[in-house]
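Just below is one structure, and these are the notes that go with it.
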Amino acid sequence: MEINLKEVSVVFSYTKDQRFKALNEISFSFKQGETVALMGPTGSGKSTLLRVIAGLLKPTSGQLNVRGDLKSVVLSIQEPHRGFFAATVREEVEFGPENLGLSHSEVKARAKWALTAVELPVEKWEVSPFLLSGGEQRRVALASVLAMKPQVLLLDEPTIGLDGPGKQTLINLLIKFKQEIGISLLISSHDPDFLFSLTRRVILLDKGKLQMDSTWGGLVKKHRELETMGLELPLLLRVLLRLKEKGAPVSPEQDQELKAREELRKLMKKEPKGDGNF
Ligand SMILES: Nc1ncnc2c1ncn2[C@@H]1O[C@H](COP(=O)(O)OP(=O)(O)OP(=O)(O)O)[C@@H](O)[C@H]1O
Ligand SMILES: [Mg+2]
30 MEINLKEVSV
40 VFSYTKDQRF
50 KALNEISFSF
60 KQGETVALMG
70 PTGSGKSTLL
80 RVIAGLLKPT
90 SGQLNVRGDL
100 KSVVLSIQEP
110 HRGFFAATVR
120 EEVEFGPENL
130 GLSHSEVKAR
140 AKWALTAVEL
150 PVEKWEVSPF
160 LLSGGEQRRV
170 ALASVLAMKP
180 QVLLLDEPTI
190 GLDGPGKQTL
200 INLLIKFKQE
210 IGISLLISSH
220 DPDFLFSLTR
230 RVILLDKGKL
240 QMDSTWGGLV
250 KKHRELETMG
260 LELPLLLRVL
270 LRLKEKGAPV
280 SPEQDQELKA
290 REELRKLMKK
300 EPKGDGNF
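With the first letter of the sequence shown counted as 1, position 48 gets the number 77 in the numbering used here; the numbers rise by one all the way through.
See below:
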């Protein structure tokens, strides 16, 4: 499964002569098995881009090419409660697999598997999804898309409504799904630490334009540009950058969270030199 975007633009028309270019000639491709972060300030076009890739919004110009089955590209929307319609959580999760034309027993099995995988307590399966907490609704939304066993999963702000442990559970779940079902992920978020735990590649949007398609290490090199957009690097990279500015022998251009942690650990093992006042 490969997704290619070539000069994709989306123009919204408010009135006859008032238009707004939400996406401006976006080009990039996205390969099977990749995990990519999508960052950008509010209103930069992240959700619009995900809707285009999911096939829910037609570009005004440019091309979207999906090599593979478009049905296997699934979007979990930014505000999951807006998408709920079923009477119970279980029915909500069954809807996707049902729509794929799977057998009754397979639909039931998928819903059970997905709700168990997102660790939603069984006593919540037969209640209305609207009665759940924000974090629980997130889990139901995630179960609904996972139950379809997509090849490409597009997640729009998946950490909204999650607390610290909830975020960690989501990270672990996504890592597991990547390993188990080889899912490709494109994740939009305002939480750089969450994104850094899962990805090496970052796509940065600003005012509808693709400003950077880089690794986290590449983003470190352009951290001043990032700041002018009001965006931040992950905390670990900010710490490494600050340490380097103060003369510590570290390289902050790390593409992976694990490597960044190692870099910090290496420094801790070193004998303190000078005044040690980083
Ligand atoms: N259906 C629509 N009709 C008109 N304008 C729209 C529509 N959808 C989005 N827009 C406009 O397009 C711009 C980009 O919106 P989008 O939701 O893609 O931003 P975003 O990067 O996801 O922002 P956020 O971080 O706040 O979620 C916004 O200015 C928004 O008002
Ligand atoms: Mg959005």
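Virtual Cβ for every residue (Gly too), placed ideally from N, Cα, C.
Predicted model, so just to flag it, every value in this text is computed and none were measured.
Alpha carbon of residue i to alpha carbon of residue j, nearest angstrom
i      : j      : result
Gly112 : Phe41  : 22 angstroms
Ala216 : Gly84  : Reading the sequence as shown, one finds Ile at residue 216 and not Ala. Approximately 16 angstroms, taken between the alpha carbons.
Leu86  : Arg80  : 6 angstroms
Thr117 : Glu155 : 5 angstroms
Thr257 : Lys251 : 10 angstroms
Leu214 : Leu182 : 5 angstroms
Gly305 : Ala277 : Any reading at Gly305 must be qualified, since the residue scores a pLDDT of 49, below 50, and its modelled position is unreliable; the value itself is stated next. Those two C-alpha atoms are separated by around 9 angstroms.
Leu187 : Glu291 : What sits at residue 187 in the sequence shown is Pro, not Leu. Taking the straight line from one Cα to the other gives about 27 angstroms.
Gln47  : Phe57  : 28 angstroms
Glu36  : Thr89  : 10 angstroms
Trp245 : Leu160 : 39 angstroms
Asp98  : Lys196 : 30 angstroms
Val268 : Gln285 : 14 angstroms
Phe225 : Leu233 : 14 angstroms
Asn94  : Val102 : 12 angstroms
Leu202 : Ala146 : 8 angstroms
Lys298 : Gln283 : 19 angstroms
Glu152 : Thr64  : 33 angstroms
Thr228 : Gln208 : 14 angstroms
Phe49  : Ser132 : 44 angstroms
Gly125 : Gly72  : 29 angstroms
Ile200 : Phe223 : 8 angstroms
Ser173 : Phe59  : 23 angstroms
Asn33  : Lys275 : 42 angstroms
8 angstroms Cβ shell around residue i - same chain, five flanking residues per side excluded
i      : result
Gly259 : Pro70
Lys100 : Leu129
Leu262 : Pro221, Trp245, Leu248, Val249, His252, Leu255 and Leu270
Pro158 : His110, Phe113, Ala115, Thr117, Val118, Glu121, Gln166 and Val169
Close-in-space but distant-in-sequence residues of the same chain around residue i (CB under 7 angstroms, 5 per side omitted)
i      : result
Gly211 : Gly62
Gly163 : Gly190
Val39  : Ala51, Leu52, Thr77, Val81, Leu86, Pro88 and Thr89
Ala289 : Leu265, Leu266, Leu269 and Gln283
From the options, residue whose alpha carbon lies closest to that of residue i
i      : options                           : result
Leu144 : Glu120, Thr64 and Glu127          : Glu120
Leu78  : Gln283, Arg48 and Leu104          : Leu104
Leu265 : Leu255, Pro281 and Arg253         : Pro281
Arg168 : Lys207, His110, Asn33 and Leu131  : His110
Asp192 : Ala66, Glu165 and Pro158          : Glu165
Met68  : Leu287, Leu293, Arg230 and Lys295 : Arg230
Cutoff 6 angstroms; reference residue i; Cβ partners in own chain excluding five residues on either side
i      : result
Arg96  : Glu31
Asp185 : Ser76, Leu79, Ile106, Gln107 and Ser217
Glu123 : Val136 and Ala140
Gly74  : Ala51, Leu52, Leu234 and Gly237
Short CB-CB distance (under 7 angstroms) between residue i and chain D
i      : result
Lys196 : Judged by its chain identifiers, the structure shown contains no chain D, having just a single protein chain.
(message) Restricting to runs no shorter than 3 residues, where is the beta strand (DSSP E) found entirely within the segment 58 to 102?
(response) Whole beta strand (DSSP E) segments, 3+ residues: 64 to 68 and 90 to 96.
(request) Would you be able to state if there are at least three C-beta pairs under 8 angstroms between the segment 236 to 249 and the segment 47 to 61? (result) The segment 47 to 61 is in contact with the segment 236 to 249.
(request) Run through the segment 219 to 297 for me and flag every whole alpha helix (DSSP H) of 4 or more residues, listed as ranges in chain order. (result) Here the runs fully enclosed are 221 to 227, 245 to 250, 252 to 257 and 264 to 274.
(request) Decide yes or no for the touch test of the segment 167 to 181 against the segment 134 to 143: beta carbon pairs closer than 8 angstroms, at least 3 of them. (result) yes
(request) Return the chain-ordered ranges of every alpha helix (DSSP H) run that is complete within the segment 110 to 189 and spans a minimum of 4 residues. (result) 118 to 128, 133 to 146 and 163 to 175
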